[in-house]
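Student:
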Amino acid sequence: MENYQEQYKQELHQQEIHSNLQTLKGFFWIFATILVIWALTLLRIFIVDAGIFTMAVGMSAVIGIPIVYIYKKVDLSKQWVKYVFLTLICMISAIFAAFLSFHAVLIYVLPLLLAVQYRQKRSLWITYFVNNITMTISMLAGFYHGICDLNLLLGSNHTRSWYLEQWSAGTLQFDLEPDPVFVILFYGVLPRAVILLVFTVILCYISISSHEDAQRIADLTYRKETDLGTHVYNKNKYEEMIETYYPEVHRLAAIFWDVNNLKYVNDKYGHAAGDVLIQTLSSVLYELSTDRRKVYRVGGDEFVMIIENPVETEIESMLETVKADLMEKDGQGDIPISSAVGWAEGCGVDIRKIVNEADTKMYENKKRGKEGRE
173 MENYQEQYKQ ELHQQEIHSN LQTLKGFFWI FATILVIWAL TLLRIFIVDA
223 GIFTMAVGMS AVIGIPIVYI YKKVDLSKQW VKYVFLTLIC MISAIFAAFL
273 SFHAVLIYVL PLLLAVQYRQ KRSLWITYFV NNITMTISML AGFYHGICDL
323 NLLLGSNHTR SWYLEQWSAG TLQFDLEPDP VFVILFYGVL PRAVILLVFT
373 VILCYISISS HEDAQRIADL TYRKETDLGT HVYNKNKYEE MIETYYPEVH
423 RLAAIFWDVN NLKYVNDKYG HAAGDVLIQT LSSVLYELST DRRKVYRVGG
473 DEFVMIIENP VETEIESMLE TVKADLMEKD GQGDIPISSA VGWAEGCGVD
523 IRKIVNEADT KMYENKKRGK EGRE
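Residues 173 to 546 in the numbering used here are what the sequence shown lists, from first letter to last.
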C-alpha cells in the first residue's frame with residue numbers, strides 16, 4: 173500500500189533527525205564538560221596550562237558555530253548533516269588532543285561513540301578515517317604547540333623512574349630526536365590508529381547486532397499487532413488498546429464499517445472475490461489512518477476506526493470520504509462494493525460503551541440497507 177511505503181520513508185526521515193539530534197546532544201555535553209574543566213583549570217584546581225587550555229576552548233567554540241547554525245537553520249534529515257557534524261566534532265577532539273596531548277588521549281573515541289548510532293555503518297567508518305586524519309594533524313601540531321610529551325621530544329621510551337634516577341644523579345642530559353615527525357607518526361599516530369580500528373570494529377559489530385535485534389523485535393511486534401492481509405491493526409492490538417490506552421484519552425470516537433453482501437459475493441464469485449472487497453475497504457481506511465486515527469480489523473469483514481480527541485466535523489468528514497472512495501472503487505470493478513457504517517463518541521473511560529454503541533448502529537444501518545433492497 174502506498175501509505176505503508178510512505179510511513180516507512182517517514183520513519184527513516186524521523187530516524188535521521190533523531191540520530192542527528194542525539195549527536196548534537198552529545199556535542200553539547202562534551203562542550204559543557206570541557207567548559208567545567210576549563211573553569212577548574214582557571215581556578216588552579218587542575219595543573220594544565222591555563223593559556224593553552226583557553227586557546228583550545230576558543231578554537232573549539234569557533235568550530236562549534238557551524239554546528240549551532242545547522243541545528244537552527246537546516247533540515248536535520250539531510251544526509252550530509254551527520255557527516256558535517258561528525259567531522260566538526262573530530263576537529264574539536266583533535267584541537268584538545270593537540271593542545272593537551274596525553275591529558276586528552278581518550279577524546280579520540282568520542283566521535284566514534286556518536287557515529288555508531290547511525291543506521292548506515294558507513295558513517296562509523298568515515299568517522300574513523302576522518303579521526304585518523306585529524307589525529308595525525310593534532311599530534312604534529314601538539315608536539316610543537318601543545319603540552320610537551322617528553323618521550324616524543326627525545327624519541328625515547330623511558331619510564332618515570334629513569335628520569336628520576338638521572339635527575340638525582342645530576343646526569344640528566346637530553347639528546348633531542350633529530351626526526352620527530354617520523355617518531356610521532358610511527359610511535360604516536362600508528363598505535364593509536366590501530367587501537368581506534370579495533371575499537372571501531374567492536375562498535376560496528378555491536379551496532380549491527382543491536383540493529384538486527386531491533387529489526388527482529390520490530391518484525392515480531394508488527395506480526396503480533398497487524399493483520400497481515402490488510403496491514404491495519406488486528407484484534408489483539410485492538411483489545412490491548414481498549415484495555416490500557418484508550419481509557420486515558422479525554423474524548424474518543426469509534427466508527428464501525430462492515431462490508432455489505434460479502435456472503436453473496438463469496439457464494440457467487442468465490443472467496444477470492446470476497447477477499448478483494450475486504451482489502452478494498454481496508455485500503456481506503458488505511459489511507460486515512462494516522463497516529464491519532466487508528467484502524468483495526470475486529471472481525472472477518474468488520475473494521476473499526478478509533479479517533480482520539482476528534483475535532484468538529486471530523487467524523488462526518490471521515491464518513492463522507494470513505495463513502496466517496498468506495499463509490500469510486502465500485503465503478504472500477506465488476507463486483508459492487510459498499511459498506512454499512514455506525515459511529516459513536518464519548519469520554520475515553522467509556523470506550524467499551526462507545527464501541528458497542530457504534531457496533532449496534534452499524535448493524536442497524538446494515539439491516540435498513542437490506543430492507544431497502546427487499
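Each residue gets a CB set at the ideal place from its N, CA and C atoms; glycine is no exception.
1) Per DSSP, which one or two residues make a beta bridge with F428?
2) At a Cβ threshold of 8 Å, is F354 touching chain C?
3) Taking the alpha-carbon of M499 as reference, which of S295, A426, L248, L453 has the nearest alpha-carbon?
4) Could you tell me if W515 is buried or exposed, where buried requires 16 or more neighbouring beta carbons within 10 angstroms of its beta carbon?
5) Can you name the start and end residues of the alpha helix (DSSP H) that R469 belongs to?
6) For C519, list the residues DSSP reports as bridge partners.
7) Going by beta-carbon coordinates alone, are Y418 and G520 separated by less than 8 Å?
8) F271 and I224 look like a contact to me (Cβ under 8 Å); what is the Cβ gap, rounded to whole Å?
9) On the criterion of 16 or more Cβ atoms from any shown chain inside 10 Å, does K466 qualify as buried, or is it exposed?
10) Which residue comes first and which comes last in the alpha helix (DSSP H) that contains H317?
11) Within 10 angstroms of its Cβ, does F475 collect 16 or more other Cβ (buried), or is it exposed?
12) Return helix, strand or coil for E546, following the three-state DSSP convention.
13) Out of curiosity, what's the CA-to-CA distance linking L449 and V456?
14) So what does DSSP say about T398, is it helix, strand or coil?
15) Rounded to whole angstroms, what is the Cα-Cα separation between L212 and A228?
16) Would M307 and A269 qualify as a contact pair, given that the criterion is a beta-carbon distance under 8 Å?
17) Helix, strand or coil, according to DSSP, for Y441 in the structure here?
18) So, is G471 buried or exposed, given that buried needs 16 or more other C-beta atoms within 10 angstroms?
19) Below 8 Å between beta carbons: does that hold for Y394 and Y468?
20) Alpha carbon to alpha carbon, how far is T343 from F315?
21) Does Y290 come out as helix, strand or coil in the three-state DSSP assignment?
22) Specify the secondary structure class of Y417 as computed by DSSP and reduced to three states.
23) Count the C-beta pairs between the region 485–494 and the region 434–449 that are closer than 8 Å, then say yes if the count reaches three, no if not.
24) Going by the CB atoms, is the gap between W429 and S511 shorter than 8 Å?
Tutor: So, from the data block:
1) Your numbering for residue 428 matches position 256 in the sequence shown. According to DSSP, which records beta bridges pairwise, F428 is partnered with V476, G514.
2) Of the chains in the structure shown, none is chain C; there is only one protein chain.
3) Here residue 499 refers to the residue found at position 327 of the sequence shown. Answer by Cα proximity: L453.
4) Translated into positions along the sequence shown, residue 515 becomes position 343. Its Cβ being crowded by 16 or more others within 10 Å, W515 is buried.
5) Residue 469 sits at position 297 when you count from the first residue of the sequence shown. Segment 465–469 is the beta strand (DSSP E) holding R469; no alpha helix (DSSP H) there.
6) Counting from 1 along the sequence shown, the entry for residue 519 is found at position 347. R423, per the DSSP bridge assignment.
7) By 1-based counting over the sequence shown, the position of residue 418 is 246. By 1-based counting over the sequence shown, the position of residue 520 is 348. Yes. Within cutoff.
8) The residue you call residue 271 lines up with position 99 of the sequence shown. The residue you call residue 224 lines up with position 52 of the sequence shown. F271 to I224, Cβ: 5 Å. Contact.
9) In the sequence shown, the residue the question calls residue 466 occupies position 294. Burial call: buried.
10) Residue mapping note: residue 317 aligns to position 145 of the sequence shown, counting from 1. First-last of the alpha helix (DSSP H) with H317: 294–317.
11) To locate residue 475, count along the sequence shown from 1; it is residue 303. So F475 counts as buried.
12) For this step, residue 546 is matched to residue 374 along the sequence shown. Because the pLDDT of E546 is 46, which lies under 50, any placement of that residue in the model is unreliable, and the number read from its coordinates should be weighed accordingly. Correct three-state label for E546: coil.
13) The count along the sequence shown starts at 1 and reaches residue 449 at position 277. The count along the sequence shown starts at 1 and reaches residue 456 at position 284. Going by the C-alpha atoms only, they are around 11 Å apart.
14) Residue numbering aside, residue 398 sits at position 226 when the sequence shown is read from its first letter. Strand.
15) Position 40 of the sequence shown, counted from the start, is the residue given in the question as residue 212. Position 56 of the sequence shown, counted from the start, is the residue given in the question as residue 228. Roughly 15 Å between the two C-alpha positions.
16) Counting from one through the sequence shown, the residue named residue 307 turns up at place 135. Counting from one through the sequence shown, the residue named residue 269 turns up at place 97. It is a contact, given that the beta carbons lie within the stated cut-off.
17) For the purposes of this step, residue 441 is taken as residue 269 along the sequence shown, with counting starting at 1. Three-state result, Y441: helix.
18) Here the question's residue 471 lines up with position 299 in the sequence shown. Burial call: exposed.
19) Within the sequence shown, the letter at position 222 stands for residue 394. Within the sequence shown, the letter at position 296 stands for residue 468. Going by C-beta atoms, Y394 is not nearer than 8 Å to Y468.
20) For the purposes of this step, residue 343 is taken as the residue at position 171 of the sequence shown. For the purposes of this step, residue 315 is taken as the residue at position 143 of the sequence shown. Their Cα atoms are separated by approximately 25 Å.
21) Taking the first residue of the sequence shown as 1, we reach residue 290 at position 118. Reduced to three states, the DSSP call for Y290 is coil.
22) Working through the sequence shown from its first residue, we reach residue 417 at position 245. Of the three classes helix, strand and coil, the one that applies to Y417 here is coil, per DSSP.
23) no
24) Here the question's residue 511 lines up with position 339 in the sequence shown. Here the question's residue 429 lines up with position 257 in the sequence shown. A contact, by the Cβ cut-off of 8 Å.
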